[in-house]
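K.L.:
Counting with this note's numbering, you get residues 1115 to 1217 for the letters of the sequence shown. Glycine is no exception: its CB is placed at the ideal position from the N, C-alpha and C atoms.
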Amino acid sequence: MSNKNTGNGHRHTTATPDVSHIRNVEVTYEHSDIHIGGVLAFMAALTVAAIVISIGTWLLFDYFQAQAEKETKPGPMALSKQDYCRRHQDCKCAWVCRDAGKG
1115 MSNKNTGNGH
1125 RHTTATPDVS
1135 HIRNVEVTYE
1145 HSDIHIGGVL
1155 AFMAALTVAA
1165 IVISIGTWLL
1175 FDYFQAQAEK
1185 ETKPGPMALS
1195 KQDYCRRHQD
1205 CKCAWVCRDA
1215 GKG
């Protein structure tokens, strides 16, 4: 038996039929799906906005840093920690007197 089993006895060939004559006007692709100019304008505006926001944030943090570096002087009636501890030898807040030498 030199015959190979070929399924139902018919030879199967795959060929793509010619469908060039079929036209459906309602089912086509849009020739102008995207406008490159609009995309580029959006990207440019987004880049400019990111740069402006970054510069604004940088300036804001510089302002905050300058405010933090300003030393506020205590009022004339305020006592330093050392003076407070000297006046209150029997201080119940021991952490204030203990940390007075570190400040």
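Going by DSSP in three states, Leu1193 sits in which element: helix, strand or coil?
P.N.:
Here Leu1193 sits in coil by DSSP.
K.L.:
Would you identify the three-state DSSP class for Ala1141, choosing helix, strand or coil?
P.N.:
Note on residue identity: the sequence assigns Val, not Ala, to residue 1141. Three-state DSSP puts Val1141 in coil, outside helix and strand.
K.L.:
Whole angstroms are fine: how far does the CA of Ile1165 sit from the CA of Ala1158?
P.N.:
Looking at the two C-alpha atoms, the distance is approximately 11 Å.
K.L.:
Between which two residues does the alpha helix (DSSP H) harbouring Asp1176 extend?
P.N.:
Ile1150 to Glu1183 is the span of the alpha helix (DSSP H), which, as asked, contains Asp1176.
K.L.:
Taking 9 Å as the threshold (beta carbon to beta carbon), is Lys1187 in contact with chain B?
P.N.:
The structure shown contains no chain B, having only a single protein chain.
K.L.:
In this structure, how does DSSP classify Arg1221 when only helix, strand and coil are distinguished?
P.N.:
Within the shown structure, residues of the chain are numbered from 1115 to 1217, placing residue 1221 beyond reach of any answer.
K.L.:
In whole angstroms, what is the alpha-carbon distance linking Tyr1198 and Pro1188?
P.N.:
Whole-angstrom Cα-Cα distance: 14 Å.
K.L.:
Please report how far the alpha carbon of Val1141 lies from the alpha carbon of Thr1127, in whole angstroms.
P.N.:
Near 30 Å, if we compare the C-alpha coordinates of Thr1127 and Val1141.
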